[in-house]
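Visitor: In this note's numbering, the protein residues as written are 872 to 1359. Ideal placement from N, C-alpha and C gives every residue a C-beta, glycine not left out.
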């Protein structure tokens, strides 16, 4: 909706990476098209960044939210280049490539060639002590089992059990993949989370053969910067908040409303005469965004990047939001501990370990941060990050600080023998932070967006609840939303 002689007014709800990316690309695309925009970002927190939160303390670089991103997903690398941050990228320590899985309270190295829990090298796989011989043989049946003919969605857990068996799913894939979503693989949508699994089965007749082909092809490697070619994950030398700060500085002319929440979205009353005199080629409706401090923002377009449950609360008075309500959220926490290396008593040869549900621990994973990321710790110190909480097991997240620290320290003593006392501990609780994509999620989001196109024209929904939870996924969605808004 363009008003004659005035810029389009766009209100972005949410100042996390999705909202900031949307604003950045709206500005870039508008400049390219010669369009004038008036953009306002509303964020309930006192600062931008959402879950991204880097703490600099005593020479440590501590991530209280996400700590890295997949190097092969180019949206974030492209954004880093556009912001002049390419030289700030750094990858994992090449000397810490081993990752372990806990099994019966013993740490087993992941077999070489394992990709997202799927074996692509048979020799190392059959030698692992993580599985029984029956479990290994069942997994290798994937090489001869026929592909499923039905094209409808299914759960990741159901798919993996069907292709490689219960042992691989529960002992290897579940702790690895659940680390991304903190979810129950028997409830998460395959199509919405790992569509490459289904594509491998359909194209190659086997999940193992397909993943092996994908690994060897390395389709995106040529487009990666040099720093990314040595590892799977990337971050910024000064932490992920480097990206947030750069985006904030790049958004010149953008209005900011920090520390205040949106309480209501209204369709503005448009009398026929007023509309015809003030608008040209009117398409859709004009909106009023009401803030908790009483301010009312007029909007021709709205970009909604809030969590699904918050978005539903704001939009349900205007449209059917049943699909948003279907996206449940899991609460998680992370406990970061710093130690003196002299009294720590252990040297790491890898990046950390993951914990299957069957182990019955409070922690779901432990990253040996100072080993995995060399920039995060002084040379004479050690930094550990332990993760707590997943679908069906969120009680530990709400323990009082002292009890949570005690439980985590017991877990790392039981698994690694660490008895040293931390120099300090940082606890971060992220309540209702991990969206769970139910089976059928992709189709449901298509239905939702189609309905909004009819009932709420000019309102765009984007972010982690819709099409990928990783930082690159959120940036890609923000860029796509910006393009779609200015082309509509």
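Going by the beta-carbon positions, is the gap between residue 1346 and residue 1175 smaller than 7 Å?
Guide: No, the pair does not count as a contact, with Cβ atoms beyond the cut-off.
Visitor: Which partner residues does residue 1233 have in the DSSP bridge list?
Guide: Paired residues: none, contrary to the question.
Visitor: My output table needs one value for residue 1285: the three-state DSSP class, helix, strand or coil.
Guide: Helix at residue 1285.
Visitor: Alpha carbon to alpha carbon, how far is residue 1179 from residue 1337?
Guide: Taking the straight line joining both Cα atoms gives about 8 Å.
Visitor: Is it true that the CB of residue 1117 sits closer than 7 Å to the CB of residue 985?
Guide: Result no, Cβ atoms of residue 985 and residue 1117 do not sit closer than 7 Å.
Visitor: Could you check how far apart the C-beta atoms of residue 1206 and residue 1254 are, in whole angstroms? I think they sit under 8 Å.
Guide: With a Cβ gap of about 12 Å, residue 1206 and residue 1254 do not count as contacting.
Visitor: Closest by CA to residue 892, which one among 941, 1314 and 946?
Guide: The option with the nearest alpha carbon to residue 892 is 946.
Visitor: What are the residues that DSSP puts in a beta bridge with residue 1331?
Guide: Looking at the DSSP assignment, residue 1331 forms a beta bridge with 1174.
Visitor: Compare the Cα-Cα distances from residue 1202 to each of 1316, 1306, 1129 and 1271 and report the closest residue.
Guide: Comparing Cα positions, the closest option is 1306.
Visitor: Using only alpha-carbon positions, find the residue among 1257, 1268 and 1195 that is nearest to residue 1280.
Guide: When each option's Cα is compared against that of residue 1280, the closest is 1257.
Visitor: Between residue 937 and the rest of its own chain, which residues show a CB-CB distance below 7 Å, the 5 nearest in sequence each way excluded?
Guide: Here the set comprises 922, 923, 1111 and 1342.
Visitor: If the criterion is Cβ atoms closer than 7 Å, does the pair residue 913 and residue 1125 meet it?
Guide: The answer is no: Cβ separation not under 7 Å.
Visitor: With a CB to CB cut of under 8 Å and the five nearest residues on each side skipped, what residues in its chain are close to residue 1320?
Guide: Here the set comprises 1332.
Visitor: Taking CB distances under 7 Å as the criterion, tell me whether residue 1344 reaches chain D.
Guide: Of the chains in the structure shown, none is chain D; there is only one protein chain.
Visitor: Does DSSP classify residue 1022 as helix, strand or coil?
Guide: Note: residue 1022 maps to coil in three-state DSSP.
Visitor: Within the continuous beta strand (DSSP E) that includes residue 1209, where are the two ends?
Guide: Unbroken beta strand (DSSP E) run through residue 1209: 1199–1211.
Visitor: Residue 1053 to residue 877, Cα distance in whole Å?
Guide: Approximately 46 Å, taken between the alpha carbons.
Visitor: Which value, in whole angstroms, describes the spacing of the CA atoms of residue 1196 and residue 1129?
Guide: Their Cα atoms are separated by approximately 26 Å.
Visitor: Under three-state DSSP, which class holds residue 1267?
Guide: Three-state DSSP puts residue 1267 in a helix.
Visitor: Exposed or buried, which one is residue 1069 when buried takes at least 16 other CB atoms within 10 Å?
Guide: By the 10 Å Cβ count, residue 1069 comes out buried.
Visitor: At which residue ranges does the segment 968–1037 contain complete alpha helix (DSSP H) runs of 4 or more residues, listed in the order of the chain?
Guide: Taking only runs of at least 4 residues, the alpha helix (DSSP H) segments lying wholly in the segment 968–1037 are 993–998, 1004–1011 and 1027–1035.
Visitor: DSSP three-state label for residue 1257, please.
Guide: Strand.
Visitor: State buried or exposed for residue 1216, treating a residue as buried only when at least 16 other CB atoms are found within 10 Å of its CB.
Guide: Residue 1216 comes out exposed.
Visitor: Would residue 1298 and residue 1272 be called neighbours here (beta carbons separated by less than 7 Å)?
Guide: Their beta carbons are under 7 Å apart, which means residue 1298 touches residue 1272 by this criterion.
Visitor: With the cut-off set at 7 Å, would you say residue 1024 and residue 1071 are in Cβ contact?
Guide: No, these two residues do not count as a Cβ contact at 7 Å.
Visitor: Where DSSP assigns a beta bridge to residue 914, which residues make up the other side?
Guide: Note: residue 914 sits in a beta bridge opposite 1129.
Visitor: Taking DSSP as the reference, what is the three-state secondary structure of residue 1157?
Guide: Residue state, collapsed to three classes: coil.
Visitor: List the endpoints of the continuous alpha helix (DSSP H) containing residue 846.
Guide: This structure cannot speak to residue 846, because the chain is shown only from 872 to 1359.
Visitor: Of the choices 1107, 1032, 1031 and 1014, whose alpha-carbon is the least far from that of residue 1075?
Guide: Nearest C-alpha to residue 1075: 1014.
Visitor: Are three or more beta carbon pairs between the segment 1309–1326 and the segment 1241–1249 nearer than 8 Å?
Guide: Output reads no: the segment 1241–1249 does not touch the segment 1309–1326.
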